[in-house]
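Chains A and B are the protein sequences, given in the same order.
Here my numbering is used: the first residue of the first sequence is 321, the next is one more, and so on.
Here my numbering is used: the first residue of the second sequence is 321, the next is one more, and so on.
Glycine included, each C-beta is placed from N, C-alpha and C at the ideal position.
Reviewing the structure listed below.
There are 2 protein chains.
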Amino acid sequence: MTTKPDTRIQIKNQASILAAGLVVFSQYGFRGSTLDQVAEEAGLSKPNLLYYFPSKDAIYTALLAKLLENWLEPLREIKPSGDPVDELLGYARRKLDMSQHFPRESRLFANEIIQGAPRIGDVLRGELRSLVDEIAVVINGWAADGRIKPVDPHHLIFSIWALTQHYADFDVQVRAIMGDVDPFDGAAQHLEAMLRGLLTP
Amino acid sequence: MTTKPDTRIQIKNQASILAAGLVVFSQYGFRGSTLDQVAEEAGLSKPNLLYYFPSKDAIYTALLAKLLENWLEPLREIKPSGDPVDELLGYARRKLDMSQHFPRESRLFANEIIQGAPRIGDVLRGELRSLVDEIAVVINGWAADGRIKPVDPHHLIFSIWALTQHYADFDVQVRAIMGDVDPFDGAAQHLEAMLRGLLTP
DNA sequence: CAATAATTTGACCAACTGGTCAAAGCGAGG
DNA sequence: CCTCGCTTTGACCAGTTGGTCAAATTATTG
Chain A
321 MTTKPDTRIQ
331 IKNQASILAA
341 GLVVFSQYGF
351 RGSTLDQVAE
361 EAGLSKPNLL
371 YYFPSKDAIY
381 TALLAKLLEN
391 WLEPLREIKP
401 SGDPVDELLG
411 YARRKLDMSQ
421 HFPRESRLFA
431 NEIIQGAPRI
441 GDVLRGELRS
451 LVDEIAVVIN
461 GWAADGRIKP
471 VDPHHLIFSI
481 WALTQHYADF
491 DVQVRAIMGD
501 VDPFDGAAQH
511 LEAMLRGLLT
521 P
Chain B
321 MTTKPDTRIQ
331 IKNQASILAA
341 GLVVFSQYGF
351 RGSTLDQVAE
361 EAGLSKPNLL
371 YYFPSKDAIY
381 TALLAKLLEN
391 WLEPLREIKP
401 SGDPVDELLG
411 YARRKLDMSQ
421 HFPRESRLFA
431 NEIIQGAPRI
441 GDVLRGELRS
451 LVDEIAVVIN
461 GWAADGRIKP
471 VDPHHLIFSI
481 WALTQHYADF
491 DVQVRAIMGD
501 VDPFDGAAQH
511 LEAMLRGLLT
521 P
């Protein structure tokens, strides 16, 4: 990751370990997971894991770092020059797609936040906050121009996060209630209806 | 809990233990918490904990059982005879109040669900599901009568859960972004606006 | 106040955990 | 086929964890 030559086998095994770590950590959280679990999931021995990563913590941290990039990116894609409702609906759809296709990443993040974000609190208060504040300015501008109904930008963004991540994080509950029906079929429509109802002037 | 006489001191200590368990388990999840943590939080020794509860698991399970009652109750208070928008808004407000005043309970529940609901999966697929299905019938009736816009009842309920619990479960993130502003000030207004936009015919 | 029951705890244990290390395997170039 | 560096692992370790137990302490009651 840093200044290593990274042979093919190193790349492959590091990827295996991170993939396994994602599976395990996203289900049990950091403290609830064991290196043995990660090792078995990766198909490697425990000492072998520690040949590629210096510690359990390092695996988890690497995973979180990689995740944070993908997590913040969709926010950056909101274009101030675009149509307000389209932009916000597009963002919501991107987040919902992530919940559908990367539920483990969502749950890993959720676990970390629920447990107090001990490792990424700084990122939240720094990069994430300033990013959200930028978008808030844009949204306030749209509202001032009468292109959307006046809304609190922060709560609007929280709404989108909550509504989309719920389908990944609470997947078990959602499926317990919906049975055989695929939740994501109706979710997109419902999400769009909610946001249009809120935003359309 | 079962058929014990329950002296005053037993009641007091069991309550202390459950309160401590809530604090600890809600932050670290079941596997991430230790009996020593719970004991210290309760101001008791570890063997003393195990004098009142047979195991770590028993404390956690007792906590979950108690929680589930409070969790399902607000759903039952929805009156089919009431005004549809008032009833749903009232339900949302009750849930938001719970997020504000009992965030730990919310996080305990969230931890359990995210990690696959190993202990309450049956309740979700049984009691919760049938309860939600009942409400769904009521909501469909309201929609058929044209008293609210047509919505998917399940996704509507998920929305309310997601929007309200987000403020408790992701409290750290919400506050990281909002700084000194109390999130719950604006949350209620925003929640009402979203639901009115969706429901009002 | 004696005696009996309820409560508390220090010492302990076996299983598990993250992590170490020396030795063994293995593959590619000579 | 031999060597040398990368990779893998069995054995091991110290700290932690859930849980036990006998003994000590503290109510409670006749």
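* Within 10 angstroms of its Cβ, does residue 328 (chain A) collect 16 or more other Cβ (buried), or is it exposed? -> Numbered from its first residue, the first sequence carries residue 328 (chain A) at position 8. By the neighbour-count rule (16 or more Cβ atoms within 10 Å), residue 328 (chain A) is not buried but exposed.
* Asked: On the three-state DSSP scale, how would you describe residue 354 (chain B)?
  -> Working through the second sequence from its first residue, we reach residue 354 (chain B) at position 34. If DSSP states are grouped into helix, strand and coil, residue 354 (chain B) belongs with coil.
* Asked: Going along the chain, which residues of its own chain have a beta-carbon closer than 6 Å to the beta-carbon of residue 344 (chain B), five neighbours each way excluded?
  -> Taking the second sequence and counting its residues from 1, the one referred to as residue 344 (chain B) is at position 24. Closer than 6 Å at the Cβ level, and outside the excluded window around residue 344 (chain B), lie 353, 357, 358, 361.
* **Euclidean distance between Cα positions of residue 425 (chain B) and residue 512 (chain B)** => Along the second sequence, one-based indexing puts residue 425 (chain B) at 105. Along the second sequence, one-based indexing puts residue 512 (chain B) at 192. Using only the alpha carbons, I get a separation of about 23 Å.
* Asked: Thinking C-alpha only, which one of A:503, A:458, A:388 is nearest residue 442 (chain A)?
  -> Within the first sequence, residue 442 (chain A) is the residue found at index 122, counting from 1. Cα-wise, what sits closest to residue 442 (chain A) is A:388.
* **Reduced DSSP secondary structure (H/G/I, E/B, other) of residue 327 (chain B)** => Position 7 of the second sequence, counted from the first residue, corresponds to residue 327 (chain B). Coil, per DSSP.
* Give the secondary structure of residue 397 (chain A) by DSSP, where H, G and I count as helix, E and B as strand, and everything else as coil. => If you number the first sequence from 1, residue 397 (chain A) lands on position 77. Looking at residue 397 (chain A) - three-state DSSP - the assignment turns out to be coil, as it is neither helix nor strand.
* Asked: Hey, is residue 338 (chain B)'s beta-carbon within less than 8 Å of any beta-carbon in chain A?
  -> As a first step, residue 338 (chain B) is located in the second sequence; it is residue number 18 there, counting from the start. With 8 Å as the cut-off, residue 338 (chain B) does not count as an interface residue toward chain A.
* **Closer than 7 Å at the beta carbon, the chain A residues around residue 348 (chain B)** => Here residue 348 (chain B) refers to the residue found at position 28 of the second sequence. Those within 7 Å of residue 348 (chain B) in chain A are 351, 435.
* Pairwise C-alpha distance: residue 383 (chain A) and residue 336 (chain A) -> Numbered from its first residue, the first sequence carries residue 336 (chain A) at position 16. Numbered from its first residue, the first sequence carries residue 383 (chain A) at position 63. Their Cα atoms are separated by approximately 12 Å.
* DSSP-derived helix/strand/coil call for residue 519 (chain A) -> To locate residue 519 (chain A), count along the first sequence from 1; it is residue 199. Helix at residue 519 (chain A).
* To do: Would you mind sorting residue 509 (chain A) into buried or exposed? The rule is 16 or more other CB atoms within 10 Å of its CB.
  => As a working note, residue 509 (chain A) is residue 189 in the first sequence. Exposed: under 16 other Cβ atoms inside 10 Å.
* Interface residues of chain B facing residue 448 (chain A) [CB-CB closer than 9 Å] -> Taking the first sequence and counting its residues from 1, the one referred to as residue 448 (chain A) is at position 128. Result: 493, 496, 497.
* For residue 321 (chain B), the three-state DSSP class (helix, strand or coil) -> On the second sequence, position 1 is the one that residue 321 (chain B) refers to. At residue 321 (chain B), the pLDDT of 35 sits below 50, so the modelled position is not reliable; the number obtained from the coordinates is stated separately. In this structure, residue 321 (chain B) counts as coil in the three-state DSSP scheme.
* is_contact[residue 518 (chain B), chain A] using C-beta, thresh 8 Å -> Translated into the one-based positions of the second sequence, residue 518 (chain B) becomes position 198. Judged by the 8 Å Cβ criterion, residue 518 (chain B) is in contact with chain A.
* Grab me the residues of residue 483 (chain B)'s own chain with a C-beta within less than 6 Å of its C-beta, minus the 5 sequence neighbours each way, in chain order. => Locating residue 483 (chain B) in the second sequence gives position 163, counting from the first residue. Excluding sequence neighbours, residue 483 (chain B) sits near 511.
* Asked: Any Cβ of chain A within less than 8 Å of the Cβ of residue 333 (chain B)?
  -> Numbered from 1 along the second sequence, position 13 holds the residue referred to as residue 333 (chain B). Judged by the 8 Å Cβ criterion, residue 333 (chain B) is not in contact with chain A.
* CA nearest to the CA of residue 381 (chain A), picked from A:418, A:518, A:351 -> Locating residue 381 (chain A) in the first sequence gives position 61, counting from the first residue. Answer by Cα proximity: A:351.
* Using a Cβ cut-off of 7 Å, pull out every chain A residue sitting near residue 474 (chain B), in sequence order please. => Position 154 of the second sequence, counted from the start, is the residue given in the question as residue 474 (chain B). By Cβ distance, chain A contributes 497, 498.
* To do: Please confirm if the stretch 459-466 of chain A is in contact with the stretch 427-438 of chain A, defined as three or more CB-CB distances below 8 Å between the two stretches.
  => no
* To do: Give a yes or no on whether 8 Å exceeds the smallest Cβ distance from residue 481 (chain B) to chain A.
  => What you label residue 481 (chain B) is simply residue 161 of the second sequence in a count that begins at 1. True, the Cβ-Cβ gap to chain A drops below 8 Å.
* Can you list, in chain order, the residues of its chain whose CB lies under 6 Å from that of residue 321 (chain A), leaving out five sequence neighbours each side? -> Counting from one through the first sequence, the residue named residue 321 (chain A) turns up at place 1. Confidence at residue 321 (chain A) is low in this model, with a pLDDT of 35, below 50, so its placement is unreliable and the value that follows should be read with caution. The answer is none, since no qualifying residue turns up.
* For residue 407 (chain B), is the classification buried or exposed, using 16 other Cβ atoms within 10 angstroms of its Cβ as the cut-off for buried? -> Counting from one through the second sequence, the residue named residue 407 (chain B) turns up at place 87. With 16 or more other Cβ atoms within 10 Å, it is buried.
* What does a CB cutoff of less than 7 Å around residue 489 (chain A) pick up in its chain, not counting 5 residues either side in sequence? -> Start at 1 with the first residue of the first sequence, and residue 489 (chain A) comes out as number 169. Counting only Cβ-Cβ distances below 7 Å, and skipping sequence neighbours, we find 426, 427, 430.
* Beta-carbon proximity of residue 418 (chain B) to residue 479 (chain A), cut-off 8 Å -> Within the second sequence, numbered from 1, the residue matching residue 418 (chain B) stands at position 98. Within the first sequence, numbered from 1, the residue matching residue 479 (chain A) stands at position 159. Cβ distance not < 8 Å, so residue 418 (chain B) and residue 479 (chain A) don't count as in contact.
* Chain-ordered neighbours of residue 489 (chain B) on chain A, where CB pairs are closer than 7 Å -> As a working mapping, residue 489 (chain B) is identified with position 169 in the second sequence. What residue 489 (chain B) touches in chain A: 434.
* To do: Go through its chain and collect everything with a Cβ distance to residue 400 (chain B)'s Cβ below 6 Å, but skip five positions before and after it.
  => Taking the first residue of the second sequence as position 1, residue 400 (chain B) is located at position 80. Excluding positions up to five away in sequence, the list reads 458.
* Using beta-carbon positions only, say whether residue 492 (chain B) and residue 455 (chain A) come within less than 8 Å of one another. => What you label residue 492 (chain B) is simply residue 172 of the second sequence in a count that begins at 1. What you label residue 455 (chain A) is simply residue 135 of the first sequence in a count that begins at 1. Cβ atoms of residue 492 (chain B) and residue 455 (chain A): not closer than 8 Å.
* Going along the chain, which residues of its own chain have a beta-carbon closer than 6 Å to the beta-carbon of residue 414 (chain B), five neighbours each way excluded? -> Stepping through the second sequence from its first residue, residue 414 (chain B) is reached at position 94. Taken in chain order, the residues that qualify are 394.
* Asked: Taking just the CA atoms, how far does residue 370 (chain A) sit from residue 377 (chain A)?
  -> The count along the first sequence starts at 1 and reaches residue 377 (chain A) at position 57. The count along the first sequence starts at 1 and reaches residue 370 (chain A) at position 50. Going by the C-alpha atoms only, they are around 11 Å apart.
* To do: Report the three-state DSSP secondary structure of residue 336 (chain A) (helix, strand or coil).
  => The residue labelled residue 336 (chain A) in the question sits at position 16 within the first sequence. Helix.
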